[in-house]
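Just below is one structure, and these are the notes that go with it.
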Amino acid sequence: MQERILTADDIARGVTKLANDIRAATRGKPICLVGIRSRGDEVAERVLNELAGDDQDLSFGVLDISLYRDDYEHLHENPALQESDIPFTINGAHVILVDDVLFTGRTIRAALDALSDYGRPAKVELAVLIDRGHREMPVQPDYTAILLDTRRLDHVHVSLEGTDGKEEVRIIPKEPLPSVETHEPAAGE
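Numbering-wise (the numbering used here), the sequence shown opens with residue 9 and increments by one.
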């Protein structure tokens with residue numbers, strides 16, 4: 009059973025919120041938006057488009073973290089590696105990593121590892137379209153568009169027009185496995 013929870017309008021409002029929050033915090037200073045493949049790059053590009061009319065030096069890049077992940081099953085499910093594209097100098101830059109969903113924090117850990125291969129930024133911040141909680145790593149976003157209350161085993165599936173051909177966010181409930189009762193033999197059995 010799938011439950012649709014966010015529409016294209018909700019997503020658009022979320023992107024606008026991210027852009028407004030970044031605009032207010034950076035006050036015209038140069039920033040580098042780096043979207044995490046896949047979908048974080050599309051969110052980052054939309055934020056960039058909203059900021060483009062401002063008098064601010066903006067750079068845009070895309071980061072593929074596949075080889076930096078600590079979950080090998082992810083590579084099995086998505087074996088096609090894509091290129092990173094960071095066409096600017098990371099050294100000394102104010103980088104804002106952008107992702108679609110923040111969950112355990114492991115994706116962001118991998119992104120920080122991948123980013124460090126490009127240089128040493130002066131500052132790294134995190135912007136996410138959706139924060140669903142349930143962290144396993146000490147990672148918190150600096151900019152959050154939407155907070156979702158989810159159960160730990162639920163799957164939050166984001167579909168974006170450029171990547172998936174449609175705009176929506178669904179929570180796909182995953183019921184926990186039933187507990188298995190064990191029988192301890194009584195004394196003398």
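Glycine is no exception: its CB is placed at the ideal position from the N, C-alpha and C atoms.
Note that the structure is predicted; figures quoted are calculated from it, not measured.
Among the options, which one has its Cα closest to the Cα of residue i?
i, options, result
"D72", "D107, N28, P129 and P38", "D107"
"E11", "D162, G170 and V132", "D162"
"S92", "S74, F111 and V109", "S74"
So for residue i, helix, strand or coil by DSSP?
i, result
"G170", "helix"
"V23", "helix"
"T34", "helix"
"D139", "strand"
"A16", "helix"
Thinking residue i and residue j are a contact (beta carbons under 8 Å), I'd like their distance in whole angstroms, please.
i, j, result
"R143", "T158", "Between T158 and R143 the Cβ distance is about 12 Å, and since that is not below 8 Å, they are no contact."
"Y151", "D29", "5 Å"
"P38", "D65", "4 Å"
"V147", "R128", "Between R128 and V147 the Cβ distance is about 19 Å, and since that is not below 8 Å, they are no contact."
"P8", "L110", "As displayed, the chain neither begins before 9 nor continues past 197, which places residue 8 out of reach and without an answer."
Is the distance from the Cβ of residue i to the Cβ of residue j below 7 Å?
i, j, result
"V23", "G43", "no"
"L41", "L56", "yes"
"L14", "V177", "yes"
| task | Any chance you could list the beta strand (DSSP E) runs of at least 3 consecutive residues sitting entirely within the region 43–123, in chain order? | result | Uninterrupted beta strand (DSSP E) stretches at least 3 residues long and entirely within the region 43–123 occur at 66–71 and 102–110, given in chain order.
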